[in-house]
Amino acid sequence: MIYVMSDIHGHRRRFDSVMKQINLQPEDTLYILGDVIDRNPDGIRILQQLRAMPNVVMLLGNHEYMMLDALYNIPDEEDGYADYLREKRLNLWYRNGGDVTHRYLKHIRKSVRQEILEYLDKLPVNIEIMVNGQKYLLTHAAPEDEYLNSSMKHRDGREFAVWHRYRSHDRGPDDYTVIFGHTPTTEHQLAKPAAIWNGRNLIDIDCGAAYEEIDVWGIVIKTRLACLRLDDMKEFYSEEDLNEEGNQRR
Numbered sequence: 072m073i074y075v076m077s078d079i080h081g082h083r084r085r086f087d088s089v090m091k092q093i094n095l096q097p098e099d100t101l102y103i104l105g106d107v108i109d110r111n112p113d114g115i116r117i118l119q120q121l122r123a124m125p126n127v128v129m130l131l132g133n134h135e136y137m138m139l140d141a142l143y144n145i146p147d148e149e150d151g152y153a154d155y156l157r158e159k160r161l162n163l164w165y166r167n168g169g170d171v172t173h174r175y176l177k178h179i180r181k182s183v184r185q186e187i188l189e190y191l192d193k194l195p196v197n198i199e200i201m202v203n204g205q206k207y208l209l210t211h212a213a214p215e216d217e218y219l220n221s222s223m224k225h226r227d228g229r230e231f232a233v234w235h236r237y238r239s240h241d242r243g244p245d246d247y248t249v250i251f252g253h254t255p256t257t258e259h260q261l262a263k264p265a266a267i268w269n270g271r272n273l274i275d276i277d278c279g280a281a282y283e284e285i286d287v288w289g290i291v292i293k294t295r296l297a298c299l300r301l302d303d304m305k306e307f308y309s310e311e312d313l314n315e316e317g318n319q320r321r
């Protein structure tokens, strides 16, 4: 079986709930479309767990991209501009929930930290697969080859592929379906709770698991972690831990 999941954002309870449901077998493949880290505390632990699994394939997300920008792909020169660039990239990462990840990284061995960064730096941003005769392009945000036609400012196609945001009226390519995360599905629909969104040759599987809930124009949407099985398009969602009043535990 072929599964796709995205935007775990360090949420251990939701991740464990979905993994229990799909009961991944050695002959199955799980594609993770980036953003394993940030916003919640268990990102690096989950990342290390996924790395150790031979049937998991991970793609780069914009949060891993920001971490690399802040800690790995920076100038070595000790001058004013290099210091400014380091501080700017670190601030961007922290504003997007990277502080919790950085705190954890500071308390592990430097060799392990370096190994994680080198692993992330080699991750692809797009993967094409075929399931039951249907062609899919897996990505965190968008196909890299759409970069040249984009009016948005990005350094290159790799940055575009982890940062672009599809809108509800956009249409995907005619010859394949793009499966992506990055943009919570609450941007496309008001399903309660948040659910996988099917557009025109586009499938968004980010159901906002980074947050407990999302307010959309005064409407509170409960979020969850989603996983899609491509063989039969079955949807799996994290089962939330509720208290006696039926409210989601914090």
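Sequential numbering from 72 applies to the sequence shown in this note's numbering. Cβ atoms here follow ideal geometry from the backbone N, Cα and C, with glycine treated the same way. Since the model is a prediction, treat every value here as computed from it, not as a measurement.
Compare the Cα-Cα distances from residue i to each of the options and report the closest residue.
{"i": "LEU130", "options": "GLU311, VAL233, ILE179", "result": "VAL233"}
{"i": "LEU188", "options": "ARG271, ASP99, LYS159, GLU135", "result": "GLU135"}
{"i": "GLU98", "options": "THR294, ARG180, ILE73", "result": "ILE73"}
{"i": "PHE307", "options": "PHE86, GLY81, TYR190, HIS178", "result": "PHE86"}
{"i": "ALA266", "options": "TYR190, CYS278, ASP246, GLY132", "result": "CYS278"}
{"i": "ALA280", "options": "THR210, GLY289, LYS293, VAL171", "result": "LYS293"}
{"i": "ARG300", "options": "ASN220, ALA262, MET90", "result": "MET90"}
{"i": "ASP113", "options": "PRO125, THR256, ILE79", "result": "ILE79"}
{"i": "ASN133", "options": "ASP147, ILE117, GLN185, LEU191", "result": "LEU191"}
{"i": "GLU310", "options": "HIS211, THR256, GLU258, GLU283", "result": "GLU283"}
{"i": "PRO274", "options": "PRO244, ARG229, ARG122", "result": "The sequence shown places Ile at residue 274, not Pro. It is PRO244 whose Cα lies nearest to the Cα of ILE274."}
{"i": "ASP106", "options": "GLU230, GLY252, GLY228", "result": "GLY252"}
{"i": "ARG238", "options": "LEU118, THR256, GLY169", "result": "THR256"}
{"i": "ARG116", "options": "HIS178, ASP246, ASP302, ALA297", "result": "HIS178"}
{"i": "ARG184", "options": "LEU194, LEU118, GLU230", "result": "LEU118"}
State the DSSP-derived secondary structure class of residue i, mapped to helix, strand or coil.
{"i": "ALA232", "result": "helix"}
{"i": "MET129", "result": "strand"}
{"i": "ARG238", "result": "coil"}
{"i": "ILE198", "result": "strand"}
{"i": "LEU101", "result": "strand"}
{"i": "VAL107", "result": "coil"}
{"i": "ASP192", "result": "helix"}
{"i": "LEU95", "result": "coil"}
{"i": "LYS263", "result": "coil"}
{"i": "ALA213", "result": "coil"}
{"i": "THR256", "result": "helix"}
{"i": "HIS80", "result": "coil"}
{"i": "TYR143", "result": "coil"}
{"i": "GLU148", "result": "coil"}
{"i": "ARG321", "result": "Reliability fails at ARG321, whose pLDDT of 46 lies under 50, so the model's placement of it is uncertain and the value that follows must be treated cautiously. ARG321: coil per DSSP, three-state reduction."}
{"i": "ASP245", "result": "coil"}
Between residue i and the rest of its own chain, which residues show a CB-CB distance below 6 angstroms, the 5 nearest in sequence each way excluded?
{"i": "ASN318", "result": "Model confidence at ASN318 stands at a pLDDT of 47, short of 50, so the residue's coordinates are unreliable; what they give is reported in the following sentence. Once the five neighbours on either side are set aside, ASN318 has no close Cβ partner at all."}
{"i": "ARG160", "result": "ASP140, ALA141"}
{"i": "MET223", "result": "none"}
{"i": "GLU315", "result": "Any reading at GLU315 needs caution, since the residue's pLDDT is 38, under 50, leaving its predicted position unreliable; the model's value is listed next. The answer is none, since no qualifying residue turns up."}
{"i": "ALA213", "result": "ALA232, HIS235"}
{"i": "ASN111", "result": "HIS80, GLY81, HIS82"}
{"i": "ARG157", "result": "ILE145"}
{"i": "VAL171", "result": "PRO112"}
{"i": "TYR102", "result": "VAL75, VAL128, LEU209"}
{"i": "ILE198", "result": "LEU209"}
{"i": "MET304", "result": "none"}
Beta-carbon of residue i versus every beta-carbon of chain D: anything under 8 angstroms?
{"i": "THR256", "result": "Going by chain labels, chain D is absent from the structure shown, which holds only one protein chain."}
Go to residue i, then tell me how far its beta strand (DSSP E) extends in each direction, as first and last residue.
{"i": "TYR74", "result": "73–76"}
{"i": "ILE117", "result": "Taken as a continuous stretch (DSSP letters only), ILE117 belongs to no beta strand (DSSP E), being part of the alpha helix (DSSP H) at 114–122."}
{"i": "GLN205", "result": "205–210"}
{"i": "THR248", "result": "248–251"}
What do you reckon, is the C-beta of residue i under 7 angstroms from a heavy atom of the ligand GTP?
{"i": "TYR155", "result": "Absence of the ligand GTP from the depicted structure is noted, as is the absence of any ligand whatsoever, leaving it without description."}
Leaving out five residues on either side along the sequence, give the residues of the same chain with a beta carbon under 7 angstroms from the beta carbon of residue i.
{"i": "ARG242", "result": "ARG271, ASN272"}
{"i": "GLN260", "result": "TRP268"}
{"i": "ASN167", "result": "ASP109, HIS134, MET137"}
Could you spell out where the alpha helix (DSSP H) holding residue i opens and where it closes?
{"i": "MET223", "result": "No alpha helix (DSSP H) holds MET223; DSSP gives it neither H nor E."}
Keeping to the same chain, check which residues put their C-beta closer than 8 angstroms to that of residue i; ignore five residues upstream and five downstream.
{"i": "TYR152", "result": "PRO146"}
{"i": "ASN162", "result": "none"}
**Q.** Runs of beta strand (DSSP E) lying entirely within the segment 266–317, each at least 3 residues, in chain order
**A.** If only uninterrupted beta strand (DSSP E) runs of at least 3 residues are considered, those enclosed by the segment 266–317 are 273–275, 284–287, 290–293, 297–300, 305–308.
Q) At which residue ranges does the segment 164–188 contain complete alpha helix (DSSP H) runs of 4 or more residues, listed in the order of the chain? A) Within the segment 164–188, the complete alpha helix (DSSP H) runs of at least 4 residues are 170–176.
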